[in-house]
Amino acid sequence: MSGGPGQAGARLIVVLGPTSSGKSALAIGLAERLAGEVLVCDSTQVYRHFDIGTGKVPVTKQRGIPHHLVDLVEPHEVFTAGEYRKRALEVLREVGLRGRTPILTAGTGLYLRALLEGLADAPERSERLRDRLRKKAELNGPEHLHRLLARLDKEAANRIAPRDTPKIIRAIEIRTLAGKPVGEIHRSGRKRLEGYAICKLGLEPARGALYARINARVEAMIASGWVEEVRGLVAQGIPADAKPFQFIGYSDLRSCLDSGSTAQDAVKRIQQSTRQFAKRQITWFRKEPDVKWLSGFGDDPEVLASATALAQASDA
RNA sequence: GGACGGGUGGGUGAGUGGCUAAAACCAGCAGACUGUAAAUCUGCCGCUCCUUGCGGGCUACGGAGGUUCGAAUCCUCCCCCGUCCA
Numbered sequence: 010m011s012g013g014p015g016q017a018g019a020r021l022i023v024v025l026g027p028t029s030s031g032k033s034a035l036a037i038g039l040a041e042r043l044a045g046e047v048l049v050c051d052s053t054q055v056y057r058h059f060d061i062g063t064g065k066v067p068v069t070k071q072r073g074i075p076h077h078l079v080d081l082v083e084p085h086e087v088f089t090a091g092e093y094r095k096r097a098l099e100v101l102r103e104v105g106l107r108g109r110t111p112i113l114t115a116g117t118g119l120y121l122r123a124l125l126e127g128l129a130d131a132p133e134r135s136e137r138l139r140d141r142l143r144k145k146a147e148l149n150g151p152e153h154l155h156r157l158l159a160r161l162d163k164e165a166a167n168r169i170a171p172r173d174t175p176k177i178i179r180a181i182e183i184r185t186l187a188g189k190p191v192g193e194i195h196r197s198g199r200k201r202l203e204g205y206a207i208c209k210l211g212l213e214p215a216r217g218a219l220y221a222r223i224n225a226r227v228e229a230m231i232a233s234g235w236v237e238e239v240r241g242l243v244a245q246g247i248p249a250d251a252k253p254f255q256f257i258g259y260s261d262l263r264s265c266l267d268s269g270s271t272a273q274d275a276v277k278r279i280q281q282s283t284r285q286f287a288k289r290q291i292t293w294f295r296k297e298p299d300v301k302w303l304s305g306f307g308d309d310p311e312v313l314a315s316a317t318a319l320a321q322a323s324d325a
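Its first residue numbered 10, the first sequence is counted upward by one per residue in the numbering used here.
Pasting the structure below:
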């Protein structure tokens, strides 16, 4: 089939899986075989200057395949799932106009869902309101906000754990700004992505093998200059509370530099956080519908072969 | 050789007679998550049986004995670790 951009029939390939499962390699391989371009779906790679620790594919390894949705904002900016969706839709259209196949590499489940299933028609975040709520929480304890939510929106309060402050704040925010409870807004539907035949390929290496890869990859990142990168970011004056400094490894390495200890001290911790993160990704993706699971790493030629076959079969 | 301090579940570490399968934290496993998501939060976490219950049995606080209705908690001896004195 050869539908034009945006029309039913255009093909979209999604490669999803936990960190270090080889999504990038698989996506590039597929792109070479299927005249594709890569769309990154990763909440950390949208930040400029944070390259090594976020696992960006260096241009020299992209093999001429265009990579989109990377380096979109500066470290001090706040980026959201809604913003991602907006930008991704644009890129999706452009790639379609070029007659190329979009290949999405997804590590951030929420962003993937925001793009594919859409977001409800809820108000965007309001920093002022959130600042006020956070101050209240600091003053009266985290459960205070939950009690407040219970008064405003019983249903949401029942659903959200009393100490899950970020989600409580969002619920209060929506209730306040929209004047309606979250549940109601969610039930009113979301704008899902239309016009694409979507082929989802999931990478699912054995847990032990994945963890071993993660450990090795963290070492490799350090070897390729991660510490120097962090030193440079600090020198640029990027504050420690900037969003991307919350990403795995960056704060560890930063405090390493501050305390003068070696990076090796931080490596174990970084590996551990990364493993825990991978586990959460796995949990999220497990319930993703219609995924064709591949039990291996994306850089395995056999996995690439079966992925290619699956992608082509979905085209028929 | 002598004087103290200490040996607790995968790790750190509370607990000094019953409320203790043993706090808390970490790790691990499972899960939730519609706008900061590499975030945030929840559950489980000795083994085992079933009629899956604030259920039963077994094992467990270095080792062996002992005191007691009852011991991780008290006593005796032994082993190991740390610090200090010779």
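Just so you know, even glycine gets a beta-carbon here, dropped at the ideal spot from N, CA and C.
Please read these numbers as outputs of a predicted model, since none were measured by experiment.
Contact annotation: the region 137–155 does not touch the region 215–233, with fewer than three C-beta pairs closer than 8 Å. A contact is defined here as three or more CB-CB pairs under 8 Å, and the region 149–159 fails this definition with respect to the region 115–130. Around the C-beta of residue 51, 16 or more other C-beta atoms lie within 10 Å, and the residue is accordingly described as buried. By the Cβ-count criterion, residue 229 is exposed, with fewer than 16 other Cβ atoms from all chains shown falling within 10 Å of its own Cβ.
Judged by their CB atoms, residue 253 and residue 59 are nearer to each other than the 7 Å cut-off. For residue 73, the closest C-alpha among the options 305, 44 and 239 is that of 44. As a beta-bridge residue in DSSP terms, residue 50 pairs with 115. Here residue 292 is exposed, its C-beta having fewer than 16 other C-beta atoms within 10 Å.
For residue 20, the uninterrupted beta strand (DSSP E) run begins and ends at 19–25, by DSSP. From the listed residues 67, 53, 62 and 264, the smallest Cα separation to residue 81 is found for 53. Distance from the CA atom of residue 278 to the CA atom of residue 259, rounded to whole angstroms, is 11 Å. Excluding five sequence positions before and after residue 24, the CB atoms of its chain that fall closer than 6 Å to its own CB belong to 32, 35, 36, 114 and 210, given in chain order. Listed in chain order, the non-local C-beta contacts of residue 309 below 8 Å within the same chain comprise 31, local neighbours out to five positions each way being set aside. Going by beta carbons, residue 207 and residue 39 fall outside the 7 Å limit. Shown here, residue 199 sits in a strand according to DSSP, grouped into three states. For residue 221, the three-state secondary structure derived from DSSP is helix. For the alpha helix (DSSP H) assignment, the uninterrupted runs of no fewer than 4 residues enclosed by the region 120–183 are, from N- to C-terminal side, 136–149, 151–161 and 163–168. Put simply, the backbone Cα of residue 71 is about 13 Å away from that of residue 112. When C-beta atoms of the region 227–246 are compared with those of the region 256–271, three or more pairs fall below 8 Å, so the two segments count as touching.
Annotation: residue 303 is outside any alpha helix (DSSP H); the continuous beta strand (DSSP E) that includes it extends over 300–303. Across the structure, residue 102 and residue 85 are spaced so that their CA atoms are roughly 28 Å apart. Excluding the 5 residues flanking it on each side, residue 76 has same chain C-beta neighbours closer than 7 Å at 47, 49 and 66, in chain order.
Shown here, residue 234 sits in coil according to DSSP, grouped into three states, outside any helix or strand. Nearest to residue 42 by C-alpha distance, out of 322, 317 and 284, is 317. Under DSSP, residue 212 forms a beta bridge with 303. Non-local C-beta neighbours of residue 312 in its own chain, meaning closer than 7 Å and more than five positions away in sequence, comprise 35, 303, 305 and 306, ordered along the chain. Excluding residues up to 5 positions away in sequence, 44, 45 and 46 lie with their Cβ nearer than 7 Å to the Cβ of residue 109 in the same chain. Residue pairing by DSSP places residue 206 opposite 20 in a beta bridge. Only buried fits residue 29, as 16 or more other CB atoms lie within 10 angstroms of its CB.
The Cβ atoms of residue 297 and residue 61 lie no closer than 7 Å to each other. With contacts defined by Cβ atoms closer than 7 Å, residue 132 and residue 187 form a contacting pair. No Cβ-Cβ contact shorter than 7 Å links residue 182 with residue 121. Counting C-beta atoms within 10 angstroms of its own C-beta, residue 269 has fewer than 16 neighbours from the protein chains shown and is therefore classed as exposed.
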